[in-house]
Amino acid sequence: YIDTAALRSVALELDEQSYSDIQRQRKIFPEAELHNATALLREARMVKTPLELEQIREGARHHIATYATIPSLYRDGMTDRDLQIEIEREMRRRGSIGIFRCFGSAMEIYMGSLLTGDNAGAPSPYDFALGGAGSQALPLGSNGTPLREGQAVMVDMAGNYGVYCTDMTRTYSIGRLSDEAYRLHELSLEIHRQVMQKAAPGTSCADLYNESLCMVEEAGASPYFMGTELQAQFVGHGLGLQINELPVLMGRSKDTLQPGMIIAFEPKFVLPHIGAVGIENTYLVTETSIENLTPAPEGIIDLTQR
Numbered sequence: 006y007i008d009t010a011a012l013r014s015v016a017l018e019l020d021e022q023s024y025s026d027i028q029r030q031r032k033i034f035p036e037a038e039l040h041n042a043t044a045l046l047r048e049a050r051m052v053k054t055p056l057e058l059e060q061i062r063e064g065a066r067h068h069i070a071t072y073a074t075i076p077s078l079y080r081d082g083m084t085d086r087d088l089q090i091e092i093e094r095e096m097r098r099r100g101s102i103g104i105f106r107c108f109g110s111a112m113e114i115y116m117g118s119l120l121t122g123d124n125a126g127a128p129s130p131y132d133f134a135l136g137g138a139g140s141q142a143l144p145l146g147s148n149g150t151p152l153r154e155g156q157a158v159m160v161d162m163a164g165n166y167g168v169y170c171t172d173m174t175r176t177y178s179i180g181r182l183s184d185e186a187y188r189l190h191e192l193s194l195e196i197h198r199q200v201m202q203k204a205a206p207g208t209s210c211a212d213l214y215n216e217s218l219c220m221v222e223e224a225g226a227s228p229y230f231m232g233t234e235l236q237a238q239f240v241g242h243g244l245g246l247q248i249n250e251l252p253v254l255m256g257r258s259k260d261t262l263q264p265g266m267i268i269a270f271e272p273k274f275v276l277p278h279i280g281a282v283g284i285e286n287t288y289l290v291t292e293t294s295i296e297n298l299t300p301a302p303e304g305i306i307d308l309t310q311r
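So in the working numbering, the last spot in the sequence shown is 311, and the numbers never skip.
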C-alpha cells in the first residue's frame, strides 16, 4: 500500500500521457511535485538485458523467414497495397502481433510500409526514414500504386513477434531497374560494410552518421539520400519495445554505442519514377564489435523471376 497523499515527488513518463491523464495524476498525488522521467526511462531502455536480447533474436529469426516468402507472394497485376497485405498476412501467420509501437503520440503506423515508384519519395508528417503518401486516414506508406515494370519495391516491415521489435528492409524489382538504381543499392551495401565495421562500444553515433554522409557525398548521391523532397536527417535508430528508441544515428547525437544496444541501420536512396533502393538491418552492439541479427540476401530480387 502506498500513501499517495504523503508523496512529495513523483517521476512519470509525461511525454506519453495526455493533458487529462496528467491532471488525474495530480489528483492521485495531491501533495507531490510531478517530474517528467521520459528521457531517463528512454535512456535506461537503450541497453537491453540478456532476456530482452533473447527475445529480439527469436523475433529476428521469424522476420527473416517471413521475408524469404516475399517472392512467392507476388502476382502480376498487384498494387503496392495488395502485396503489403499478403506480407502482413504472412507475418501474422508466423506470430507477429500485428502492430509495432512508436514513441510519440502522433506517430502511428500498422506493420510497416511497402513503397514503389514515385510514392517512395512522397513526404510524410511522421518522423520515419521514408514516407509514402498513404491515404487521408493514414498519410504514410502504400497508396494503391500499381507495381509496374522497371520500378523498385522497397519492403520495410517491423517484425514484432512478441514484445520487442526488429527492423528490416529489403529491395525487390519488377523486371530490370536502371543502372543508377543498382549503383545506389550497392552504395547502401557498401555503407553497411564500411560504417558498421567501425561500429563498436564507444563509437560515436554522430560519427557513424557523418561517415555515411561522407560516402554518399563522395559517390555524388546526396540528392537521393534518405528521400528527395524531404530528406531524413538520420541514418539509424535504436529499437526495442518501440520502433524508434534511442540512440538515434544523426549528426547532433551525443550518444555513444554501448554493449547491449540494438540499432537499426538504414542508408536508403530514392530515385524519381523508380522508387527506393537500399537495405536496413538490425544490429546488436556486442562487447567488442557489432552483430547483424537480420542476415538475409541483400541484393535486389526481381519478383518476376520467381
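Backbone N, C-alpha and C define an ideal beta-carbon position, used for all residues, glycine too. All of these numbers come straight from a predicted model, not from anything done at the bench.
A check of alpha carbon separations from residue 163 across 269, 29 and 275 identifies 269 as the nearest.
Closest in C-alpha terms to residue 55, from the list 44, 87, 250 and 169, comes 169.
The Cβ atoms of residue 74 and residue 95 sit closer than 8 Å to each other. For residue 283, DSSP records a beta bridge to 273. Inter-residue distance for residue 90 and residue 279 is about 21 Å (C-alpha atoms, whole angstroms).
For residue 80, no beta strand (DSSP E) encloses it, and the DSSP letter there is neither H nor E. With fewer than 16 other CB atoms across the displayed protein chains lying within 10 angstroms of its CB, residue 103 is exposed.
Three or more Cβ pairs closer than 8 Å define a contact, and the stretch 192-203 meets that threshold against the stretch 275-289. Secondary structure of residue 16 (DSSP, three-state): strand. Rounded to whole angstroms, the separation of the alpha carbons of residue 23 and residue 9 is 21 Å.
Positions of the beta strand (DSSP E) runs, each at least 3 residues long and wholly inside the stretch 32-102, are given as 38-41 in order along the chain.
Looking only at 86, 50 and 174, the smallest Cα-Cα distance to residue 264 is reached by 50. For residue 222, the secondary structure class from DSSP, reduced to helix, strand or coil, is helix.
Restricted to the stretch 173-200, not a single beta strand (DSSP E) segment is unbroken, complete and at least 3 residues in length.
Put simply, of 25, 213, 41 and 171 the residue whose alpha carbon is nearest the alpha carbon of residue 70 is 171. When only Cα atoms are considered, residue 174 and residue 302 end up about 11 Å apart.
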